[in-house]
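Reading through the structure tokens given below for one structure.
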Amino acid sequence: MQKALLEAAKEKLAPISRQAAAEGIVLLENNQALPFTKGTEIALFGRCQINTYRSGTGSGGAVNVPYAINIAEGLRQNSNVRLNESLAAVYAQWVQNHPFDDGGGGWAAEPWFQQEMPLDDTLVKQAAQQSDCAIVVIGRTAGEDQDNADKPGSYRLTESEHAMLVTVTQHFDTVIIVLNVTNIIDMSWLNTLADKQSIKAVLYNWAAGMEGGHALADILTGEVSPSGRLTDTIAHQLSDYPSSANFGNLDKNYYAEDIYVGYKYFETFKPEAVQYPFGAGLSYTPFSQKLISFATVEKNGVEELHFHFEVVNKGDSHSGKEVIQLYVEAPQGNLGKPARALVGFSKTKELTPGESELVRIVVPVSQLASYDDSGASGAKSCYVLEAGEYRFYSGDNVRQAHLLDASFEVTELRIVEKLTEALAPISSFDRMKPAAKAESGHYQVGYEAAPMRTISLKERIEQNLPQTLTITGDKGIKLIDVKQGHASMEAFIAQLSSKQLATIVRGEGMCSPKVTPGTAAAFGGVSDALFGFGIPVAAAADGPSGIRMDSGHKATQLPIGTLLGCTWNSELNEYLFNLLGQELLAYQIDTLLGPGINIHRHPLNGRNFEYFSEDSLLTGVMAAAQVKGLKDAGVTGTIKHFAANDQETARMDVDSIMSERALREVHIKAFEMAVKEGGATTIMTSYNPINGHWGASNYDLNTTILRNEWGFDGIVMSDWWAKMNSPIDAGKEDKSFTSYMVRAQNDLYMVVGNEGAETNPMKDNTLQALEDGTLTLGELQRCAMNVCRFVMNAPVMERPLKPFEPIKAFKAIETITERESICINDSISLECGANVEKWLNVKQSGTYQVSATMSYDRNSLAQSSCSLSINDEFSMSLSINGTDGEVIAVDGLQIRLTSGYYKLAVDFVKPGLVIHQLNLSMVD
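Residue numbering for the sequence shown follows full-length UniProt numbering, beginning at 1 and increasing consecutively.
The following block contains the structure:
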């Protein structure tokens, strides 16, 4: 690790993370309560003022941070306000006596909420007499492997939270609600509380990373004027969301809502169900937006619509940023369209009172097109513009957007892009479509049969088989020769045997010792033979809100994806991830496993916090910005989960059944933008099947669309321990069916155990498929070329090519003084799940193999790890998947020790596992 580069990256990253956190906070209500005037004394309620959520759970939030600013600390460190310290002391004592419930510390084990301190009237009344106002903090987390639930403590308030609101609003005239949450929650209580008039302001603070407390204080005190806007619709009732009837099933979810996700449904069919519309958010200063000019421009053969808006800060006291949101109302035609669809947006610079800015929004005409998967327009499998007038609206949110004096007329059907049928459903269902207009001006809900698959996948695959290269054996060509133009990639790959080819499509992890400690995977030159061809070992680390290293190494934790989407600021996202890319470089990590860019199809998806929005365009713009920022720093972002990973319940099994139109326009549109506009070169497929075919073995997804249509030339990796089934026949799925993955052109199986890529411990069927002819050598060589092409252009290729050194040497720090210690000739009984230190007495110098017996009472997808340090120097990680409580043997690395005393420290970076015994066995 390059310490100077690392410190420089962290120093720059933290303040930009703070800025992004502030820009993503959404102020939904403000009755002259905010910003606070200087000297305001605040009574702070809710335990999450101390136990402030920084992120969600699972791989997307597991960042070890050097520090974290909670809400109380952020306000306390801000000189413009004062905390009621007597109340704060009561909370501090209560939290000390009722510590944070981490669910035992295991993988995604913590509950989504924490118990609140009961409030009595005397305490609250006294606080009201001492303070100018109250802030009530409501906290929620969510995460991997578990969805939210429509019950208290998840989507709804708990009894203790509701009681807290009741008591505080009874005694305070001014109450500010801060929602420290990872996803939208039920907001109906705002209308039903007895003293609801006391609530003067409501903010979605989200989970804002390690600088979150500072960012919230910046907003509350007016140092920063809020400019965040909702990226989701908040409905009055959960049942109002059109996907509710088809969410949470264990086997199949029919995407009957089709393209009508979020506001596209509500604005078309049911506007009265909306409590807070998509794009909503307030500022401390009023703005005006005026369309100055509109023109149709042809640029390099591409027809574009150019909108110029004059934005003016009309206030007299606060600077701020404004978001311009541009929506289209397309003609219904034969296909049916949403009443409103976002087609462009922009965020101004910070405008001082009276200052103006001219903002241009460019909309390619092709962006107005709809995909015809049925032939209803007369152009099946094409993006088309149906005839009619395309009208445009702009404003503060989708509901308040007003009609512009700007329209685009299409006189007859225009074909924008000719494609081919791909990934159409094989199960029949009816999909939503606007029917007749009601008297209100909105549409009645109608349905039509979703078009089914008509093409032969067998013929498609066989007609597009790649050329098979004759295996030449080692000709002395190294990967650097390909990079320098001295040899072709084909000549290089032709050297590899079938066994070596099967090895290179396997990644190793978690916590591979061949790469940066504690990261998610190593891939590329993972065997001695592959390394001998000059293929280095690349590293992948979990994200997307910072670098996860289960070794305990520290990294900067960024705000969650939803908050970053709520900034509506693509330039800021690009810069933020450029700085994150510099931190990745310093840690010698080649790709971040993020951003996550699935769609917020339903509010209960436990992993929504990693994703940006219910809207595909907004998601795509943010994804492209973050990917570009990482790329400009020299690393890559692995966009995930491709595709339709829209629930955590049964996430490895539930089939996402949708029309081809919904797939293209909604669920993979952001991926397309990240590839074409952001230059993405790494993609992770989803666990789930889409229309019968699992993501990692889905040929139309990974080859027909991704590579053939979009021109993607990077690598595709599976999610960790994914399953696959036949790209042709669908049918039975299994983790060992890697030949199907290779055929679909998912290049890497993630992951086998450390040192397992060559030995094939999972007994995958790649080589067997070559033997029986169900996979061609050319297909396997094609994936190997994809992997090598990526590695050749990754940062690892610029570093010195060093072989993996499995043995690390340590010297005794004490050789004379006798002390209580354990002789390492014996097994070290630990029986612990918490940090521990032991003194070891090494009688004989030599090389020792480290191993342990461990257990973890979770399922096999859960992950946990601990790190071993010797003499305060990191030695190795011991990682484990859930064993359902069964005790198993885990091999560590070899270490070289001289005789004497050593301090052994075990750090449970990811609590939950138990080490029963630690063994150090001499090998020489």
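Every residue gets a Cβ at the ideal spot worked out from N, C-alpha and C, and that includes glycine.
Shortest Cα-Cα distance from residue 244 to any of 600, 279, 342 and 782 involves 600. Assignment of residue 432 by DSSP, reduced to helix, strand and coil, places it in the strand class.
With a cutoff of 8 Å on beta-carbon distance, residue 8 and residue 44 are scored as not near each other. Judged by DSSP in its simplified three-state form, residue 890 adopts strand. By the Cβ-count criterion, residue 191 is exposed, with fewer than 16 other Cβ atoms from all chains shown falling within 10 Å of its own Cβ.
Sequence-distant Cβ neighbours of residue 593 in its own chain, meaning closer than 8 Å and more than five residues away, are 59, 520, 540, 541, 542, 543, 544, 638, 640 and 684.
Contact annotation: the segment 468–486 touches the segment 526–535, with at least three C-beta pairs closer than 8 Å. Taking the CA atoms as reference points, residue 345 sits about 33 Å from residue 794.
Counting along the chain, no beta strand (DSSP E) covers residue 400, and no H or E run does either.
Apart from sequence neighbours up to five positions away, the residues of its chain that approach residue 240 with a beta-carbon distance below 7 Å are 270 and 273, ordered along the chain. When beta bridges are read from the DSSP output, residue 829 appears opposite 917. Pairing residue 24 with residue 136 gives a Cβ-Cβ distance that is not under 8 Å. Per DSSP, the continuous alpha helix (DSSP H) segment holding residue 480 begins and ends at 479–483. In this structure, the straight-line span from the alpha carbon of residue 122 to that of residue 178 is close to 23 Å. For residue 288, the CB contacts under 6 Å within the same chain, skipping 5 residues up- and downstream, are 312 and 314 in chain order. Beyond the five residues adjoining it in sequence on each side, residue 613 comes within less than 7 Å, by CB distance, of 231, 232, 565, 600 and 619 in the same chain, given in chain order. Where residue 345 is concerned, the enclosing beta strand (DSSP E) starts and stops at 341–347. In the DSSP assignment, residue 808 falls within the unbroken beta strand (DSSP E) covering 807–810.
Judged by pairs of C-beta atoms under 8 Å, the segment 619–635 does not touch the segment 378–394, as fewer than three such pairs exist.
DSSP, read as helix, strand or coil, puts residue 774 in coil.
Taken in chain order, the complete alpha helix (DSSP H) segments of 4 or more residues contained in the segment 5–82 are 71–76.
Nearest neighbour of residue 290 by Cα position, chosen from 716, 305 and 310, turns out to be 310.
By the neighbour-count criterion, in which 16 or more other beta carbons inside 10 Å mark a residue as buried, residue 771 falls on the exposed side. A contact between stretches requires three or more CB pairs, one per stretch, nearer than 8 Å, and the segment 114–131 fails this requirement with the segment 70–77.
With contacts defined by Cβ atoms closer than 8 Å, residue 742 and residue 777 do not form a contacting pair.
Among the bridge pairs identified by DSSP, residue 722 is matched with none. Between residue 788 and residue 447, the alpha-carbon positions lie close to 48 Å from each other.
For residue 733, the uninterrupted beta strand (DSSP E) run begins and ends at 730–734, by DSSP.
Distances from the alpha-carbon of residue 184 to those of 139, 514, 161 and 457 put 139 closest. Per DSSP, residue 802 is not a residue of any alpha helix (DSSP H), being assigned neither H nor E. Per DSSP, residue 266 lies in no beta strand (DSSP E); the unbroken alpha helix (DSSP H) holding it starts and ends at 263–269. Nearest C-alpha to residue 337 among 391, 352, 417 and 303: 391.
Comparing alpha-carbon positions, the option among 247, 363 and 255 lying closest to residue 296 turns out to be 363. A Cβ-Cβ distance of about 11 Å is found for the pair residue 263 and residue 242, leaving them out of contact under the 8 Å criterion.
Residue 31 sits exposed, since fewer than 16 C-beta atoms from the chains shown fall within 10 Å of its C-beta. Per DSSP, the unbroken alpha helix (DSSP H) holding residue 171 starts and ends at 159–171.
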